[in-house]
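Q: In the working numbering, each residue carries its 1-based index in the sequence shown increased by 294.
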Amino acid sequence: MEEYKKLLEKVRKELPEHVFNKERFEIPKVRGHIQGNRTVINNFLQIADTLGREPEGMLKFVLRELATPGEIKKSGGIIMGTKVPASRINEKIKQYAHSYVFCYECGKPDTKIEKEGNFSFLKCTACGARHAIKSKVRL
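#1: Could I get the ranges of all uninterrupted beta strand (DSSP E) runs contained in the segment 328-364, with 3 residues as the minimum, in chain order?
#2: When we look at the beta-carbon of Ala338 and count the other beta-carbons within 10 Å, is it buried (16 or more) or exposed?
#3: Return the chain-ordered list of same chain residues with a C-beta closer than 6 angstroms to the C-beta of Ile290, the five sequence neighbours on each side being excluded.
#4: Give me, in chain order, the residues of the same chain whose beta-carbon lies closer than 6 angstroms to that of Leu433; leave out the 5 immediate sequence neighbours on both sides.
#5: Hey, quick one: how far does the alpha helix (DSSP H) through Ser393 stretch, first residue to last?
#6: How far does the alpha helix (DSSP H) with Glu297 in it reach, from first residue to last?
#7: Is there a C-beta anywhere in chain B that falls below 8 angstroms from the one on Cys421?
#8: Within 8 angstroms, do at least three Cβ pairs link the segment 346-366 to the segment 382-399?
#9: Which first and last residues belong to the beta strand (DSSP E) in which Cys418 is found?
#10: Classify Leu416 as buried or exposed, calling it buried when 16 or more other Cβ atoms lie within 10 Å of its own Cβ.
#11: If distances are taken between C-alpha atoms only, which option among Gly371, Thr333, Cys418 and Ala361 comes closest to Pro349?
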């Protein structure tokens with residue numbers, strides 16, 4: 295038992311310090327406006343960057359969930375083809391984060407998506423957990 299505790303202590307010392315930080319991670323809220331019958335979101339690329347994901351994959355998920363067309367503008371924002379309240383967009387981004395960003399074990403956002411053949415896995419760099427994820431959306 296003593297040897298086991300010593301091994302645990304050794305492993306804990308070798309882990310990066312950020313694993314033990316308990317700071318709260320927040321997903322930025324969308325900033326934008328309604329323009330005619332379209333919705334313009336100005337900070338979509340910033341949100342994707344904060345989550346550490348490709349904006350195209352995240353946009354595809356959000357547009358599919360909201361059943362609306364849309365595209366990324368050259369200026370870095372997105373335009374959606376219908377009027378969509380910011381609260382619904384925020385809800386879908388949060389849903390995306392829970393499915394494709396946050397670790398299922400430790401809840402940290404320190405994950406990467408790994409592909410092996412036709413399968414995609416969410417690999418946590420904080421705790422080492424690895425879970426299969428739905429790849430309905432090309433991420």
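We treat Cβ as the ideally placed atom computed from N, Cα and C, and that holds for glycine.
A: In terms of the structure at hand:
#1: DSSP runs (the beta strand (DSSP E)) wholly in the segment 328-364: 332-335.
#2: The count along the sequence shown starts at 1 and reaches residue 338 at position 44. The sequence shown places Phe at residue 338, not Ala. So Phe338 counts as buried.
#3: Coverage of the chain is limited to positions 295 through 433, which leaves residue 290 absent and any answer about it impossible.
#4: Position 139 of the sequence shown holds residue 433. Its pLDDT being 44, under 50, Leu433 is placed unreliably in this model, and the value from its coordinates should be taken loosely. Counting only Cβ-Cβ distances below 6 angstroms, and skipping sequence neighbours, we find Gly351 and Ile407.
#5: Translated into the one-based positions of the sequence shown, residue 393 becomes position 99. Start and end: Ala380 to Tyr394.
#6: Against the sequence shown, residue 297 aligns to sequence position 3. Note, Glu297: alpha helix (DSSP H), Glu296 to Glu308.
#7: Although the question refers to chain B, the structure presented lacks it and comprises just one protein chain.
#8: Under the three-pair Cβ rule at 8 angstroms, the segment 382-399 counts as touching the segment 346-366.
#9: As a position in the sequence shown, residue 418 is number 124, starting the count at 1. Per DSSP, the unbroken beta strand (DSSP E) holding Cys418 starts and ends at Phe413 to Cys418.
#10: By 1-based counting over the sequence shown, the position of residue 416 is 122. That one is buried.
#11: Sequence index remark: in the sequence shown, residue 349 carries index 55 (1-based). Nearest of Gly371, Thr333, Cys418 and Ala361 to Pro349, Cα basis: Gly371.
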